[in-house]
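Remarks on the structure that follows.
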Amino acid sequence: MSANPKPKEQEANPWEEYERRKQELPDDLPADERDRLCRMIAGELGIWAMKLCKDKLCLRSGKELDLSQFPKNRNNPDKRCIYCSECSSRRTREYRDRRREKRKAEQLARPEVKVEPKPKVLPEDMVIEAIAHGERTRDGIQRTTELDYDKLGDTLALMTFEEKILRIERLPGGRREFVIAA
Ligand SMILES: [Zn+2]
């Protein structure tokens, strides 16, 4: 035991001392005897080396567990996690699964967020629609389509002279009407 010539610079951490002395216990001790000895060592060191798992779902809930049953956590006074190793790994797994589910849900939601571009109504279609509804004069078509003056002029010219979708009928008195070219 004291054969180790390691110099004691500081006061030994009782928890580390407890771990060290526990390591020295024979491997083949029955569990009850091991527990008893552990309590005894802890008592000598003035610490309480058994504790309850804080997890509400703990299968060993209500049972005092040896500190070695708790993963190390240097932030806690006893340098051990508040959850036992079983609960700690379960909690880690659950946390990871939750994150994975969340990421999956986010990825699924993403394409739906994409806004479909609103189909653009072409001015040509608006003009055809107006004519189909009985408008034939430029003024009438403008009232129905609500296209601005220049835009309507360009559209009518395009449809009449380039696309030849429309034809102009000249009426007596110089009036012009637009009809759909046959
Ligand atoms: Zn537990």
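Here the sequence shown stands for residues 18 to 199, where the numbers follow the numbering used here. Ideal Cβ placement from N, Cα and C applies to all residues, glycine included. Only a predicted model underlies this, so the values are computations on that prediction, with no experimental measurement involved.
Check whether the Cβ of Ser85 lies closer than 8 angstroms to any heavy atom of ligand 1, and answer yes or no. Residue 85 sits at position 68 when you count from the first residue of the sequence shown. No, since every heavy atom of ligand 1 falls outside the 8 angstroms radius drawn around the Cβ of Ser85.
Out of Arg153, Met176 and Asp171, which has the shortest C-alpha to C-alpha gap to Arg187? Along the sequence shown, one-based indexing puts residue 187 at 170. Checked all of Arg153, Met176 and Asp171; the closest Cα to Arg187 is Arg153.
Arg97, buried or exposed, once every other Cβ within 10 Å from all chains shown has been counted against 16: Working through the sequence shown from its first residue, we reach residue 97 at position 80. Here Arg97 is buried, its C-beta having at least 16 other C-beta atoms within 10 Å.
Where does Leu82 sit, in a helix, a strand or coil, going by DSSP? Residue 82 sits at position 65 when you count from the first residue of the sequence shown. When DSSP states are grouped into helix, strand and coil, Leu82 belongs to the strand group.
Closer than 8 angstroms: is that where the CB of Cys55 sits relative to any heavy atom of ligand 1? For the purposes of this step, residue 55 is taken as the residue at position 38 of the sequence shown. Closer than 8 angstroms to some heavy atom of ligand 1: that does not describe the Cβ of Cys55.
If distances are taken between C-alpha atoms only, which option among Gly151, Ile182 and Glu36 comes closest to Pro88? Position 71 of the sequence shown, counted from the first residue, corresponds to residue 88. Minimum Cα distance to Pro88 is reached at Glu36.
For ligand 1, is there a heavy atom less than 8 angstroms away from the beta-carbon of Leu76? One-based indexing of the sequence shown puts residue 76 at position 59. When distances are taken from the beta-carbon of Leu76 to the heavy atoms of ligand 1, the shortest one is below 8 angstroms.
Determine the DSSP secondary structure at Glu33, reduced to helix, strand or coil. As a first step, residue 33 must be located in the sequence shown, where it is residue number 16. Glu33 falls in the helix class under three-state DSSP.
Evaluate Gln40 with the Cβ neighbour count: other Cβ atoms within 10 Å of its Cβ, from every protein chain shown; 16 or more gives buried, anything less gives exposed. Position 23 of the sequence shown, counting from 1, holds the residue named residue 40. Around the C-beta of Gln40, fewer than 16 other C-beta atoms lie within 10 Å, and the residue is accordingly described as exposed.
So is Tyr100 buried or exposed if we call it buried at 16+ other beta carbons inside 10 Å? Counted from its first residue, the sequence shown places residue 100 at position 83. Label assigned to Tyr100: buried.
Is the beta carbon of Glu103 within less than 8 angstroms of some heavy atom of ligand 1? Locating residue 103 in the sequence shown gives position 86, where the first residue counts as 1. Glu103 Cβ: within cutoff of ligand 1.
Please classify Arg187: does DSSP put it in a helix, a strand, or coil? Residue mapping note: residue 187 aligns to position 170 of the sequence shown, counting from 1. Residue state, collapsed to three classes: strand.
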